[in-house]
Amino acid sequence: MKKVRIHINEDLCKGCGICISLCPNKVFAKSEEISSKGVFLPVIIHGDKCIACRICEEHCPDLAIFIEAQDVEK
Amino acid sequence: MDQKHVHPLLVKYARIGAYKQPHCPGCGNGIVAQCMLRAIDELKLDMDKIVFASGIGCSSWIPSPLFNADVLHTTHGRSLAFATGVKLSNPELRVVVFTGDGDSAAIGGNHLIQAARKNIEILTVLVNNRIYGMTGGQVAPTTPHGVKTKTTPYGNLEYPFDLCKLVEAAGASYVARWTTFHTRQLVSSMKKGLLKKGFSFIEVISQCPVQYGTFVGIRDPAEMLHIFRKISVPFEKAKNMSREELEGKIVIGEFVDIERTGLAEAYQRLLEMMNL
Numbered sequence: 007m008k009k010v011r012i013h014i015n016e017d018l019c020k021g022c023g024i025c026i027s028l029c030p031n032k033v034f035a036k037s038e039e040i041s042s043k044g045v046f047l048p049v050i051i052h053g054d055k056c057i058a059c060r061i062c063e064e065h066c067p068d069l070a071i072f073i074e075a076q077d078v079e080k
Numbered sequence: 003m004d005q006k007h008v009h010p011l012l013v014k015y016a017r018i019g020a021y022k023q024p025h026c027p028g029c030g031n032g033i034v035a036q037c038m039l040r041a042i043d044e045l046k047l048d049m050d051k052i053v054f055a056s057g058i059g060c061s062s063w064i065p066s067p068l069f070n071a072d073v074l075h076t077t078h079g080r081s082l083a084f085a086t087g088v089k090l091s092n093p094e095l096r097v098v099v100f101t102g103d104g105d106s107a108a109i110g111g112n113h114l115i116q117a118a119r120k121n122i123e124i125l126t127v128l129v130n131n132r133i134y135g136m137t138g139g140q141v142a143p144t145t146p147h148g149v150k151t152k153t154t155p156y157g158n159l160e161y162p163f164d165l166c167k168l169v170e171a172a173g174a175s176y177v178a179r180w181t182t183f184h185t186r187q188l189v190s191s192m193k194k195g196l197l198k199k200g201f202s203f204i205e206v207i208s209q210c211p212v213q214y215g216t217f218v219g220i221r222d223p224a225e226m227l228h229i230f231r232k233i234s235v236p237f238e239k240a241k242n243m244s245r246e247e248l249e250g251k252i253v254i255g256e257f258v259d260i261e262r263t264g265l266a267e268a269y270q271r272l273l274e275m276m277n278l
């Protein structure tokens, strides 16, 4: 079991949507509202499904997303 | 600036105030930058002992101004020449060159061949986005056959370079090719290249959703990454495939991994022999 925290930096994100598309468990969705920087940010809709595979983190071109994962006992 | 959610790699290795990447949304250059920081982090190298050199083009904005190290932003295509000078004058330093296809396959093509032939201890990361992105989408020597660009509106009549074969034939010690989808393989290749005592060359096929994507009709960078995954063929598998079968595919993998004495080491030995 892992306790996962997803950090999205709204100032660095350019809204390219790579994390939304590459996530194997469809944790993210595109925001319906435009941000103050003029981009559609990813929003976490199924945070509990995240398995901390870090595919989103490794493919983010702007280093705007990272995962903190801690092992916790059941 | 949102200080709460800053990536740990940025905190550790990036210049304060330069966290925001200068590239277009979805550009593969940022992925390559992150892979390099990750490779440095995993090897626990000192950023003060690494010099990054780059030329002109989109990919040359990877190390400067983001990396908090010594960065040489040089003239078009000449980054390898500057890097050779750095390595020979101070062999203690690790030298990494970030370059693009227009930079090192077109204008600086001869520098690339000669640096590989000299086997100088430099890691060259060539980000191949298959088009001249910064200047508006003109045809590059790496643009695939038949692709429409701004200067080839009826499709490219020429055939692209196979840069890995070129560098291999010129005599490099380490040659590999990955795409921006294969980040973990790229990090392990970069780690090998950073420790290699000879010329190492890594070609990274990268997406350009703004220029290349407009002409081929794929504006979504994530879709381009999915395509890279589909059309990539491992080197071992590609050996048994015919030329027709490999049409439109990207052969990935490590092509060369040999040990040969590099130029800077040989030069140091010569100086010692002459008691200089």
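These protein sequences, in sequence, are chains F and L. With the first sequence counted from 1, adding 6 to any position gets you our numbering. With the second sequence counted from 1, adding 2 to any position gets you our numbering. Glycine included, C-beta positions come from ideal geometry on N, C-alpha and C.
(1) Select from the region 15-32 of chain F all residues with a C-beta closer than 8 Å to any C-beta belonging to chain L, and list them in chain order.
(2) First and last residue of the alpha helix (DSSP H) that includes K193 of chain L?
(3) Do you know how far the Cα of V88 of chain L is from the Cα of L265 of chain L?
(4) At a cut of 8 Å, does the region 146-153 of chain L reach the region 220-235 of chain L through at least three beta carbon pairs?
(5) When we look at the beta-carbon of G19 of chain L and count the other beta-carbons within 10 Å, is it buried (16 or more) or exposed?
(6) Spatial neighbours of I115 of chain L within its chain, please: CB distance less than 8 Å, with the 5 preceding and 5 following residues excluded, ordered by chain position.
(7) Counting pairs of Cβ atoms below 8 Å between the region 153-162 of chain L and the region 77-85 of chain L, do you hit three or more?
(8) Could you check whether the region 22-29 of chain L touches the region 39-55 of chain L, counting it as contact only if at least three pairs of C-beta atoms, one from each stretch, sit closer than 8 Å?
(9) In the DSSP output, which residue or residues are listed as bridge partners for T86 of chain L?
(10) Does the Cβ of M276 of chain L have 16 or more other Cβ atoms within 10 Å, making it buried, or fewer, making it exposed?
(11) Flag N31 of chain L as yes if its beta-carbon sits less than 9 Å from any beta-carbon of chain F, otherwise no.
(12) Quick one: give me the first and last residue of the alpha helix (DSSP H) that T216 of chain L is part of.
(13) Please name the residue in L:Y214, L:C166, L:V206 whose C-alpha comes closest to that of P155 of chain L.
(14) Please identify the residue among F:F72, F:E63, F:V33 whose C-alpha is closest to the C-alpha of V49 of chain F.
(15) Suppose you measure from the CA of S2 of chain L to the CA of F217 of chain L; what does that come to, to the nearest Å?
(16) Under DSSP, the alpha helix (DSSP H) around I33 of chain L begins and ends at which residues?
(17) Could you say if the region 23-38 of chain F and the region 8-17 of chain L meet the contact criterion of at least three C-beta pairs nearer than 8 Å?
(18) Between the alpha carbons of I61 of chain F and T182 of chain L, how many angstroms are there, rounded?
(19) Evaluate the contact criterion for the region 12-27 of chain F versus the region 69-77 of chain F: three or more CB pairs, one atom per stretch, below 8 Å.
(20) Can you list, in chain order, the residues of its chain with a C-beta nearer than 6 Å to that of P67 of chain L? Leave out the 5 residues immediately preceding and following it.
(21) Do R262 of chain L and C210 of chain L have their C-beta atoms closer together than 9 Å?
(22) Just by C-beta distance, which residues in the region 82-108 of chain L are closer than 9 Å to chain F?
(23) Going by CA-CA distance only, name the one from L:L272, L:K22, L:D50, L:T76 that's closest to K43 of chain F.
(24) At a CB distance below 8 Å, what residues from the region 186-199 of chain L approach chain F? Give them in sequence order.
(25) Thinking A268 of chain L and F203 of chain L are a contact (beta carbons under 8 Å), I'd like their distance in whole angstroms, please.
(26) Spatial neighbours of I26 of chain F within its chain, please: C-beta separation below 7 Å, excluding the five flanking residues on both sides.
(27) Going along the region 220-253 of chain L in order, which residues come within less than 8 Å of chain F, judged by CB to CB distance?
(28) Distance cutoff 9 Å, beta carbons only. Does E64 of chain F sit that close to anything in chain L?
(29) With C-beta atoms as the reference, is A240 of chain L less than 9 Å away from K251 of chain L?
(30) Counting only beta-carbon separations shorter than 9 Å, does D279 of chain L have a partner in chain F?
Let me spell this out:
(1) N15, E16, D17, L18, K20, G21, C22, G23, I24, I26, S27, L28
(2) Stepping through the second sequence from its first residue, residue 193 of chain L is reached at position 191. Residues 185-197.
(3) As a first step, residue 265 of chain L is located in the second sequence; it is residue number 263 there, counting from the start. As a first step, residue 88 of chain L is located in the second sequence; it is residue number 86 there, counting from the start. Near 13 Å, if we compare the C-alpha coordinates of V88 of chain L and L265 of chain L.
(4) no
(5) On the second sequence, residue 19 of chain L is found 17 positions in, with the first residue counted as 1. Classification for G19 of chain L: exposed.
(6) To locate residue 115 of chain L, count along the second sequence from 1; it is residue 113. Result list for I115 of chain L: L168, V169, A172, in chain order.
(7) no
(8) no
(9) Locating residue 86 of chain L in the second sequence gives position 84, counting from the first residue. Beta-bridge pairing links T86 of chain L to no other residue.
(10) Along the second sequence, one-based indexing puts residue 276 of chain L at 274. It is exposed - the Cβ of M276 of chain L has fewer than 16 other Cβ atoms within 10 Å.
(11) Within the second sequence, the letter at position 29 stands for residue 31 of chain L. Yes, N31 of chain L lies at the interface with chain F (some Cβ there is under 9 Å from its Cβ).
(12) Walking along the second sequence from the start, residue 216 of chain L turns up at place 214. Its alpha helix (DSSP H) spans residues 214-218.
(13) The residue labelled residue 155 of chain L in the question sits at position 153 within the second sequence. Ranking L:Y214, L:C166, L:V206 by Cα distance to P155 of chain L puts L:Y214 first.
(14) Counting from one through the first sequence, the residue named residue 49 of chain F turns up at place 43. Here the closest residue by C-alpha is F:V33.
(15) What is shown of chain L runs 3 to 278, which leaves residue 2 of chain L out entirely.
(16) Start at 1 with the first residue of the second sequence, and residue 33 of chain L comes out as number 31. Per DSSP, I33 of chain L belongs to the alpha helix (DSSP H) from 31-45.
(17) no
(18) Position 55 of the first sequence, counting from 1, holds the residue named residue 61 of chain F. Position 180 of the second sequence, counting from 1, holds the residue named residue 182 of chain L. Cα-Cα distance, rounded: 12 Å.
(19) yes
(20) If you number the second sequence from 1, residue 67 of chain L lands on position 65. Within the same chain, P67 of chain L has close Cβ partners R17, A20.
(21) As a working mapping, residue 262 of chain L is identified with position 260 in the second sequence. As a working mapping, residue 210 of chain L is identified with position 208 in the second sequence. No, they are not a contact pair.
(22) none
(23) Here the question's residue 43 of chain F lines up with position 37 in the first sequence. Here the closest residue by C-alpha is L:K22.
(24) R186
(25) One-based indexing of the second sequence puts residue 268 of chain L at position 266. One-based indexing of the second sequence puts residue 203 of chain L at position 201. 19 Å between Cβ atoms; not a contact.
(26) Here residue 26 of chain F refers to the residue found at position 20 of the first sequence. Around I26 of chain F: F34, A35, K36, P48.
(27) D222, P223, A224, E225, L227, H228
(28) Taking the first sequence and counting its residues from 1, the one referred to as residue 64 of chain F is at position 58. At least one chain L Cβ lies under 9 Å of E64 of chain F.
(29) Locating residue 240 of chain L in the second sequence gives position 238, where the first residue counts as 1. Locating residue 251 of chain L in the second sequence gives position 249, where the first residue counts as 1. Yes. Within cutoff.
(30) Outside the displayed span of chain L (3 to 278) sits residue 279 of chain L, for which this structure offers no information.
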